[in-house]
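Down below is the structure, laid out as structure tokens.
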Amino acid sequence: MILQCRGLVRSYGPTQALRGVAMAVDEGEILAVTGPSGCGKSTLLHCLAGITRPDAGEVIYRDQRVDLLSEAGRARLRRTEFGVLFQFGQLVAELTAAENVALPLLLAGTGRREARTAALSWLDRLGVADLAEKRPGEVSGGQQQRVALGRALVTEPRVLYADEPTGALDTLAGEQVLGHMVRLAREQRTTVVLVTHDARVAAYADRELALRDGVADPTGLGLNASAGRHAGSAR
Ligand SMILES: Nc1ncnc2c1ncn2[C@@H]1O[C@H](COP(=O)(O)OP(=O)(O)OP(=O)(O)O)[C@@H](O)[C@H]1O
Ligand SMILES: [Mg+2]
143 MILQCRGLVR SYGPTQALRG VAMAVDEGEI LAVTGPSGCG KSTLLHCLAG
193 ITRPDAGEVI YRDQRVDLLS EAGRARLRRT EFGVLFQFGQ LVAELTAAEN
243 VALPLLLAGT GRREARTAAL SWLDRLGVAD LAEKRPGEVS GGQQQRVALG
293 RALVTEPRVL YADEPTGALD TLAGEQVLGH MVRLAREQRT TVVLVTHDAR
343 VAAYADRELA LRDGVADPTG LGLNASAGRH AGSAR
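Per this note's numbering, the sequence shown starts with residue 143, numbered consecutively.
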């Protein structure tokens, strides 16, 4: 088990986004977090990734209590152990694809030439090597998400968090991004926490955690009841 949480509670003013969520994911496993809009999926992902802090409960990555880390400690964890992919890739508009992918390495202190070589190699693995010198505004949404996936994976994170990574794409472009994500995650034994409200996307996962109103859905029936070995169970 690489990542788990227990009793996770998080409110925004009067809104209880999470009301006691427990989950666990194994190393190399792809977990889909599903449920209707507003059920707390993004909030859960942000708590697990150390982007936001829960009001109560524990987030444990390996032997580390993520929820107890300082802002700086969580930022370091996000830089070194985690990768994040959002619905809109949030690429830097002024930078080329190669520069966007190289950025996390440069921030971590890798030399320019080495970072660029790594970035080009990731773009190649994602089938967008020919776009290396293009800026985000010059390529399609699906191509942008593949570049964003490269940027999320270039540091070889242990856990990849993806929040509706194909939500803004049409079916074909979305499937290409998911296909690359799953293949690369398997190759590197990267653990993936994949938020989606789309059953077809959830079908790419090994297992599904269904949320409803800030708790694990008591019916245990997610979008994709047939997914993987432990469909619906939160272990
Ligand atoms: N920054 C915020 N300020 C106030 N309320 C928030 C904030 N973020 C989330 N919420 C509320 O918390 C609840 C859970 O939100 P969350 O974004 O986790 O849902 P979600 O399952 O990701 O929804 P969606 O599928 O629409 O992205 C919702 O009621 C939402 O309105
Ligand atoms: Mg969300």
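Glycine included, every Cβ here is placed at the ideal spot set by N, Cα and C. Remember, predicted model here, so these are calculated numbers, not experimental data.
Asked	Found
Start-to-end residues for the beta strand (DSSP E) that takes in residue 304	301-305
Near ligand 2: residue 355 beta-carbon under 7 Å from a heavy atom	no
Contacting residues, own chain, Cβ-Cβ under 8 Å from residue 275 (five flanking each side not counted)	238, 239 and 240
Residues that DSSP places opposite residue 174 in a beta bridge	336 and 350
Assigned exposure category for residue 373 - 16 Cβ within 10 Å defines buried	Caution applies to residue 373, whose pLDDT of 40 falls short of 50 and renders its modelled position unreliable; the model cannot decide the point.
Three or more C-beta pairs below 8 Å linking the stretch 152-159 and the stretch 193-213	yes
Residue ranges of each alpha helix (DSSP H) within the stretch 228-262, 4 or longer	239-249
Beta-carbon spacing of residue 227, residue 294 below 8 Å	yes
Cβ pair residue 296, residue 360 closer than 8 Å	no
For residue 357 and residue 290, the rounded distance between their alpha carbons	30 Å
Residue 213: first and last residue of the uninterrupted alpha helix (DSSP H) it sits in	213-222
Three-way DSSP call (helix, strand, coil) for residue 365 in this model	coil
Exposure of residue 176, with buried meaning 16 or more beta-carbon neighbours within 10 Å	buried
Cβ-based neighbour list, residue 320, same chain, cut-off 8 Å, excluding 5 preceding and 5 following	307, 308, 343 and 346
Contact under 8 Å by Cβ, residue 273 with residue 265	yes
Residue 209 classed as buried or exposed, judged by whether at least 16 other C-beta atoms fall within 10 angstroms	buried
Those residues, in chain order, that have a beta-carbon closer than 5 Å to some heavy atom of ligand 1	154, 157, 159, 179, 180, 181, 182, 183, 184 and 185
Opposing strand residues paired with residue 267 [DSSP bridges]	Looking at the DSSP assignment, residue 267 forms no beta bridge with any residue, so it has no partner.
Ligand 2 heavy atom lying under 7 Å from the CB of residue 348	no
Spatially closest choice to residue 231 from 337, 169, 212 and 305, by CA coordinates	305
Sub-8 Å separation of residue 337 and residue 183 beta-carbons	yes
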